[in-house]
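For the sequence shown, full-length UniProt numbering begins at 1 and goes up steadily by one. Yeah, the Cβ is synthetic: ideal placement off N, Cα and C, and Gly gets one too. All of these numbers come straight from a predicted model, not from anything done at the bench. Contents: one structure, followed by commentary.
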Amino acid sequence: MEGKFRLFQNNTIVILGAGIIGCTTARLLLEKGFKVTLVAKHVPGDDDIWYASNWAGAIWHAGDSKNDKHRYMRAVSFRRFMNDYQSDKECGVCLVNVKEYFEKAPESMADLLGRKINPNFRSMSRDQFEKSGFEYGCQYDTLVIEPPRYLRFMKKKIEELGGLFIKKEIFSVDEIYDMFPDSTVFVNASGIGPKYIKGLEDSKCYPNRGQNVLVITDTSTAFLRSGEEYTYIIPRPLQGVVVCGGVNQGDVDSSNIDMSIAKDEIRRAHKLAPEAISESPDVAGYVVGIRPAREGGFRLEKEAFEDDKFILHAYGFNGSGYALSYGAAHYISIMVEELERRFCVS
Numbered sequence: 001m002e003g004k005f006r007l008f009q010n011n012t013i014v015i016l017g018a019g020i021i022g023c024t025t026a027r028l029l030l031e032k033g034f035k036v037t038l039v040a041k042h043v044p045g046d047d048d049i050w051y052a053s054n055w056a057g058a059i060w061h062a063g064d065s066k067n068d069k070h071r072y073m074r075a076v077s078f079r080r081f082m083n084d085y086q087s088d089k090e091c092g093v094c095l096v097n098v099k100e101y102f103e104k105a106p107e108s109m110a111d112l113l114g115r116k117i118n119p120n121f122r123s124m125s126r127d128q129f130e131k132s133g134f135e136y137g138c139q140y141d142t143l144v145i146e147p148p149r150y151l152r153f154m155k156k157k158i159e160e161l162g163g164l165f166i167k168k169e170i171f172s173v174d175e176i177y178d179m180f181p182d183s184t185v186f187v188n189a190s191g192i193g194p195k196y197i198k199g200l201e202d203s204k205c206y207p208n209r210g211q212n213v214l215v216i217t218d219t220s221t222a223f224l225r226s227g228e229e230y231t232y233i234i235p236r237p238l239q240g241v242v243v244c245g246g247v248n249q250g251d252v253d254s255s256n257i258d259m260s261i262a263k264d265e266i267r268r269a270h271k272l273a274p275e276a277i278s279e280s281p282d283v284a285g286y287v288v289g290i291r292p293a294r295e296g297g298f299r300l301e302k303e304a305f306e307d308d309k310f311i312l313h314a315y316g317f318n319g320s321g322y323a324l325s326y327g328a329a330h331y332i333s334i335m336v337e338e339l340e341r342r343f344c345v346s
């Protein structure tokens, strides 16, 4: 068993996927002293629509918590993004004020994680939201991430820590095993990959198309609407634009811009915040990205295979990749350390 432990210590942990989940996982493991190599079809700097992390709205908002684990993962992510914001103002993380409106009030104020996390959180007075048909509204400071810039920042961080990137499309898990015959720990952060990669098959995975409008405006406030007419207006302070969106098209993977959707997004954004988005705004462009969705939610767990190989799954985060990223990486790092302990003491 001494040989197995030495093998675990000295050989690389392989991460399949280099989106925000793969990159945050790599960074945390490298910070803990593990060797890491990321293998992915798309890496920071790519602009393919299937590289979902490059196109995300990427805002941390107060009202998006489903359970205790989900809340903790989001809290971990907020802490890490805040650290990056405070240490490097050019990393792509920005602090903005947000106004969030709810079509239906939260069942409990305890459901609003932002009350415990976000600076300057306050509930709006009823006259600020009831006249627009909402049941609740709140205002707070939060973090937004400019994906291309932050992904480049992460790539640099990972490489400075000794991590490696291999740009390669993988069609079966055996390819990874053959590339790294001495490795024992593999992280499946392949996004929608399990829908297509042999040996990782997961029929619950599906593409979820998103489309956004980039609008030139001087607003620095984010606006969010939760409910049936989900809408967001997210500033990109380092670019001088805002992202207007709020579309989920399950099992759709077209890269073509649907102008009817674009017009509706502008209509909804103007309805939500006419002070920020005019009826006929100055449009800078359009964005399409394919989110890695999964029926029943993301998968975050360990799976054992023969020959003492383990796959740690972290995929299917849909549109919550950034908000949950460092939390997912935290749990993966715990799994890795548990395996390290197992090899050490057995």
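Which residue marks the beginning of the alpha helix (DSSP H) containing residue 25, and which one marks its end? The residue labelled residue 25 in the question sits at position 25 within the sequence shown. It spans 20-31 - the alpha helix (DSSP H) in which residue 25 sits, taken as one unbroken run.
Classify residue 16 as helix, strand or coil using the three-state DSSP reduction. Position 16 of the sequence shown, counting from 1, holds the residue named residue 16. Strand.
Do the CB positions of residue 213 and residue 262 come within less than 7 Å of each other? If you number the sequence shown from 1, residue 213 lands on position 213. If you number the sequence shown from 1, residue 262 lands on position 262. Going by C-beta atoms, residue 213 is nearer than 7 Å to residue 262.
Where residue 332 falls, given that 16 or more other Cβ within 10 Å makes a residue buried: By one-based count along the sequence shown, residue 332 stands at place 332. Residue 332 should be labelled buried.
Measure the C-alpha to C-alpha separation of residue 22 and residue 234 and round it to an integer number of angstroms. Here the question's residue 22 lines up with position 22 in the sequence shown. Here the question's residue 234 lines up with position 234 in the sequence shown. Residue 22 and residue 234: Cα-Cα distance of roughly 24 Å.
Just to confirm, are residue 39 and residue 168 a CB contact at a threshold of 7 Å? Counting from 1 along the sequence shown, the entry for residue 39 is found at position 39. Counting from 1 along the sequence shown, the entry for residue 168 is found at position 168. In contact: residue 39 and residue 168 (Cβ atoms closer than 7 Å).
Quick one: what's residue 163 bridged to in DSSP? Position 163 of the sequence shown holds residue 163. DSSP output for residue 163 lists no bridge partner at all.
For residue 236, tell me which candidate among 279, 224 and 217 has the shortest Cα-Cα distance. Residue mapping note: residue 236 aligns to position 236 of the sequence shown, counting from 1. The residue with the shortest Cα to Cα distance from residue 236 is 217.
When you compare only the Cα positions, how much space is there between residue 125 and residue 190? In the sequence shown, the residue the question calls residue 125 occupies position 125. In the sequence shown, the residue the question calls residue 190 occupies position 190. Whole-angstrom Cα-Cα distance: 44 Å.
With a floor of 4 residues, list each alpha helix (DSSP H) that falls wholly inside the region 225-277, ordered by position along the chain. Complete alpha helix (DSSP H) runs here, min 4: 259-272.
Per DSSP, residue 37 is paired with what? On the sequence shown, residue 37 is found 37 positions in, with the first residue counted as 1. Answer is 14 and 164, bridged to residue 37.
From which residue to which residue does the beta strand (DSSP E) around residue 306 run? Along the sequence shown, read from residue 1 onward, the residue named residue 306 stands at position 306. Careful: residue 306 lies outside any beta strand (DSSP E) and carries neither H nor E.
Assign residue 127 to one of two classes, buried (16 or more other C-beta atoms within 10 Å of its C-beta) or exposed (fewer than that). Counting from one through the sequence shown, the residue named residue 127 turns up at place 127. Under this definition residue 127 is an exposed residue.
What does DSSP give as the partner residues of residue 211 in its beta bridges? Here residue 211 is taken as the residue at index 211 of the sequence shown, counted from 1. BP columns for residue 211 point to 288.
Give the C-beta separation of residue 135 and residue 104 to the nearest angstrom, bearing in mind that I take them to be a contact with Cβ-Cβ under 8 Å. To locate residue 135, count along the sequence shown from 1; it is residue 135. To locate residue 104, count along the sequence shown from 1; it is residue 104. Yes, they are in contact, since the Cβ atoms of residue 135 and residue 104 sit about 5 Å apart, within 8 Å.
When you compare each of 221, 274, 310 and 223 to residue 200 by their alpha carbons, which one comes out closest? Within the sequence shown, residue 200 is the residue found at index 200, counting from 1. That would be 310, whose Cα lies nearest to the Cα of residue 200.
For residue 203 and residue 6, the rounded distance between their alpha carbons: Within the sequence shown, numbered from 1, the residue matching residue 6 stands at position 6. Within the sequence shown, numbered from 1, the residue matching residue 203 stands at position 203. Because the pLDDT of residue 6 is 49, which lies under 50, any placement of that residue in the model is unreliable, and the question is left without a value.
At the level of alpha carbons, what is the spacing between residue 56 and residue 345? For the purposes of this step, residue 56 is identified with residue 56 of the sequence shown, where counting begins at 1. For the purposes of this step, residue 345 is identified with residue 345 of the sequence shown, where counting begins at 1. Cα to Cα, residue 56 sits roughly 42 Å from residue 345.
If you follow the alpha helix (DSSP H) that residue 339 is part of, which residue opens it and which one closes it? In the sequence shown, counting from the first residue as 1, residue 339 sits at position 339. Residue 339 -> alpha helix (DSSP H) spans 321-345.
Beta bridge counterpart(s) of residue 142 as assigned by DSSP: Taking the sequence shown and counting its residues from 1, one reaches residue 142 at position 142. DSSP output for residue 142 lists 96 as bridge partner(s).
Going straight from the alpha carbon of residue 174 to that of residue 305, what length do you get? Numbered from 1 along the sequence shown, position 174 holds the residue referred to as residue 174. Numbered from 1 along the sequence shown, position 305 holds the residue referred to as residue 305. Going from the Cα of residue 174 to the Cα of residue 305 covers about 12 Å.
Give me the Cβ distance between residue 323 and residue 25, rounded to the nearest whole Å; I'm assuming they're in contact under 8 Å. Numbered from 1 along the sequence shown, position 323 holds the residue referred to as residue 323. Numbered from 1 along the sequence shown, position 25 holds the residue referred to as residue 25. Not confirmed; about 15 Å, so no contact.
Straight-line gap, residue 16 to residue 158 (C-alpha atoms, nearest Å): Along the sequence shown, one-based indexing puts residue 16 at 16. Along the sequence shown, one-based indexing puts residue 158 at 158. If I take the Cα positions, the gap works out to 15 Å.
Closer than 8 Å by C-beta to residue 227: which residues in its own chain qualify, once you throw out the five before and the five after it? Chain order, please. The residue labelled residue 227 in the question sits at position 227 within the sequence shown. These residues qualify, in order along the chain: 102, 103 and 104.
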